[in-house]
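Worksheet for the structure shown next.
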Amino acid sequence: MFWLIASTIVATIMAITMIFIRLKASRKPASVKKIILPPLFMSTGAFMFLFPVFRVNILQVLEAIVIGVIFSIFLIKTSKFEVKEQHIYLIPSKAFVFILFGLLFIRTMVKLAIGSTISFGETSGMFFLLAFGMIVTWRLAMLYKFKKLEKKLEVSEDIRA
């Protein structure tokens, strides 16, 4: 029970941190680097699977990734870009905070439900995969939107020149 409470507290702190990071990032122009680096940094967490306690079977991997992709839809729908002074900015969504805490709540409820049937290590592994599937899908969609807007911006610059 201690690990469940501790991991929920850590997840809540991470969610709050993400809100502040996202709000701060919206003040500066977006870039390809800023979009693709977070999933790359997060990928180092996969080293957890070197330890047998965190390993999950292929069905659990697929379940976690599919749920992560489904959760990412909410983030994709609320992530919008706009052009200001020839730069592309990510517009902070008012819904982002609610989505992030809503997903945290759902994850916590699921963790409570399955935490009694599978080990803490397996649960941790599955939630890492869920979060990774969510952020990779979301960031790929953001990259697609960003590149599309960037191309549009280049075309309008060429027309003016």
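Counting the sequence shown from 1 gives a position; our numbering is that position plus 9.
Glycine is no exception: its CB is placed at the ideal position from the N, C-alpha and C atoms.
Can you find a C-beta in chain D that's less than 8 Å from the C-beta of I115?
-> The displayed structure is made up of one protein chain only, and chain D is not part of it.
Where does F60 fall in DSSP's three states?
coil
- Task: Tell me whether I127 sits in a helix, a strand or coil according to DSSP, three-state version.
- Result: coil
* Span separating the alpha-carbon of V119 from that of R36 -> 35 Å
Item to check | Entirely enclosed beta strand (DSSP E) segments - the region 70-99, minimum 3 residues | outcome: 89-93
Contact between the region 120-132 and the region 92-110: three or more CB pairs below 8 Å? no
| query | Is there contact here, the region 46-63 with the region 137-157, by at least three beta-carbon pairs under 8 Å? | reply | yes
In or out: S40 buried (at least 16 other Cβ within 10 Å) or exposed? exposed
Beta-carbon proximity list for F137, same chain, < 7 Å, skipping 5 on both sides:
G54 and M57
* Asked: My guess is that G130 and V62 are in contact by the Cβ rule of under 8 Å, so how many angstroms apart are they, rounded?
  -> 3 Å
Practice task
Report yes if the C-beta distance between V92 and L46 is below 8 Å; otherwise report no.
Solution key: no
Find out if the Cβ-Cβ distance for the pair A140, G77 is shorter than 8 Å. yes
| request: Would you please state the rounded distance, in angstroms, between the beta carbons of P101 and L32? I believe it to be under 8 Å. | output: 6 Å
(request) Assign S165 to buried or exposed, taking buried as 16 or more other Cβ atoms, counted over all protein chains shown, within 10 Å of its Cβ. (result) exposed
Item to check | Reduced DSSP category for R36 - H, G, I as helix; E, B as strand; rest coil | outcome: coil
**Report entry** F83 classed as buried or exposed, judged by whether at least 16 other C-beta atoms fall within 10 angstroms
**Finding:** buried
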